[in-house]
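Chemist: The numbers in the sequence shown follow numbering that gives the first Met the number 0, run straight up by one, and end at 301.
For every residue, glycine included, the Cβ atom is placed at its ideal position computed from N, Cα and C.
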Amino acid sequence: MHVISDRVWAALACPGCGHKLQKEAAGAQCTRCDLLYPLDGNGQLDLRLQKPKTEEVKFTLGVAALPGGFEFMPLQANAAPALDLASLDIPWHLTRTLVSHFPKAKAADALMLDLGCGDGVHRQVAEAFGFEWVGLDYVLPEAPIRGDGHALPFESGSFEFILSIAVLEHIQFPFVMMQEAFRCLQPGGVLIGTVSFMEPFHNDSFYHHSHLATYNTLQNAGFDVSVVSPAPEWQALHAIGAMALFRMAPSWLSRLLVAPLQALHRLWWWLGYAFTRSERASERYRQLSTSGAFTFIAQKPL
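1. Where does E168 land, buried or exposed, given buried means 16+ other C-beta within 10 angstroms?
2. Evaluate contact between the stretch 47-60 and the stretch 128-148, counting only Cβ atoms and requiring at least three cross-stretch pairs below 8 Å.
3. With P152 and A25 assumed to form a contact (beta carbons below 8 Å), what rounded beta-carbon distance in angstroms separates them?
4. In whole angstroms, give me the CA-to-CA distance for F174 and T216.
5. Can you give the Cα-Cα distance for Q28 and S157, rounded to whole angstroms?
6. Quick one: grab the DSSP three-state call for S288.
7. Within the same chain, show all residues whose beta-carbon is closer than 6 Å to that of S228, passing over the 5 residues directly before and after it, in chain order.
8. What's the gap between the Cα of R285 and the Cα of G117?
9. Could you work out which residue in T289, F101, A150, Y137 is closest to H208 when comparing CA atoms only?
10. I need the straight-line Cα distance from A280 to G61, nearest angstrom please.
11. Who pairs with Y36 in a beta bridge, going by DSSP?
12. Tell whether a beta-carbon distance below 8 Å holds between E278 and M242.
13. Would you mind working out which of R6, I170, G119 sits nearest N202, comparing C-alpha positions?
14. Write down the C-beta distance between P102 and F71 rounded to the nearest angstrom, noting that I regard them as a contact closer than 8 Å.
15. Given this structure, state the Cα-to-Cα distance separating G192 from I296, to the nearest angstrom.
16. For G134, list the residues DSSP reports as bridge partners.
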């Protein structure tokens, strides 16, 4: 049974017009457009769009896509994490390194949004950092709120932290979702997530992002981008083996089956760099070219 707290109710807004929602026995009613968003028997509130909505995204042309000196390097553990992670149970699709970059709640009533929360697997970790976890997913019944990443049903500036793991590739208009995430963060708020790159098509995925696309999508929304990182532990051959070639095989078996090709691939690149010393044959370029996914960390400017 889902229970939506008064603090979360106060942060809710109509996804269509952006006005306040009034709590009703049957759900939430918009105080402007009068739409009723239903609440089911398990307490899940359905705040998905009930009619089409037009959203504008602006692009500035003729400027450099990247600032000088930005490095797309594998993520390093935070030397001074906000929380002692030793006793923390890390869900399988997060890493201890990534969690070391999670912010700690600044206030006792701080909210964090798990955007595309699935079955709520991140809840325990989010609460360990002092946040009230707010889970939103488009489909799954395990989420307290059903909602659309293109039209987040929250007041502007509602969250100190937004987490979005393996969601962006499933979004029809990723620039719109990032614009919405930016709107819903407080100034100084942190966005952490991952996005598919060399993974196979899966679950209606739309746009698999390169490192440049990931940076560009975040930067265009207004974020200060600090990290866009390849995943050395999740290379293209591992992703393709596990998700397509040998789907449903145990993880150890799919890795074993692609191991000879992975070793040959690494040797080929090593030889290429040994003979050419070219940046495009370097280990850094290999990781960017063959990463299964990218991790990103960004902040809304103060």
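Modeler: Concretely, from the data shown:
1. Against the sequence shown, residue 168 aligns to sequence position 169. Taking every protein chain shown into account, the CB of E168 has 16 or more other CB atoms within 10 angstroms, so this residue is buried.
2. With a cut-off of 8 Å, the stretch 128-148 and the stretch 47-60 count as touching, because enough Cβ pairs lie within range.
3. Taking the first residue of the sequence shown as position 1, residue 152 is located at position 153. Taking the first residue of the sequence shown as position 1, residue 25 is located at position 26. Between A25 and P152 the Cβ distance is about 16 Å, and since that is not below 8 Å, they are no contact.
4. For the purposes of this step, residue 174 is taken as the residue at position 175 of the sequence shown. For the purposes of this step, residue 216 is taken as the residue at position 217 of the sequence shown. If you draw a straight line from the Cα of F174 to the Cα of T216, it is about 6 Å long.
5. Translated into the one-based positions of the sequence shown, residue 28 becomes position 29. Translated into the one-based positions of the sequence shown, residue 157 becomes position 158. Taking the straight line from one Cα to the other gives about 19 Å.
6. Taking the first residue of the sequence shown as 1, we reach residue 288 at position 289. Reduced to three states, the DSSP call for S288 is helix.
7. The count along the sequence shown starts at 1 and reaches residue 228 at position 229. Excluding residues within five positions, the ones whose Cβ falls inside 6 Å are P73, L74, T294.
8. Taking the first residue of the sequence shown as position 1, residue 285 is located at position 286. Taking the first residue of the sequence shown as position 1, residue 117 is located at position 118. Each residue's Cα considered, the two are about 32 Å apart.
9. Against the sequence shown, residue 208 aligns to sequence position 209. It is T289.
10. In the sequence shown, residue 280 corresponds to position 281, counting from 1. In the sequence shown, residue 61 corresponds to position 62, counting from 1. For A280 and G61, the distance between alpha carbons rounds to 30 Å.
11. The residue you call residue 36 lines up with position 37 of the sequence shown. A27.
12. The sequence position of residue 278 within the sequence shown is 279, counting from 1. The sequence position of residue 242 within the sequence shown is 243, counting from 1. Taking 8 Å as the cut-off, the beta carbon of E278 is found no closer than this to the beta carbon of M242.
13. As a working mapping, residue 202 is identified with position 203 in the sequence shown. Checking every option, the nearest Cα to that of N202 belongs to I170.
14. As a working note, residue 102 is residue 103 in the sequence shown. As a working note, residue 71 is residue 72 in the sequence shown. At roughly 22 Å, the Cβ-Cβ gap does not stay under 8 Å, so P102 and F71 are not in contact.
15. As a working note, residue 192 is residue 193 in the sequence shown. As a working note, residue 296 is residue 297 in the sequence shown. Looking at the backbone, the Cα of G192 and that of I296 are separated by about 7 Å.
16. Position 135 of the sequence shown holds residue 134. Among the bridge pairs identified by DSSP, G134 is matched with D113.
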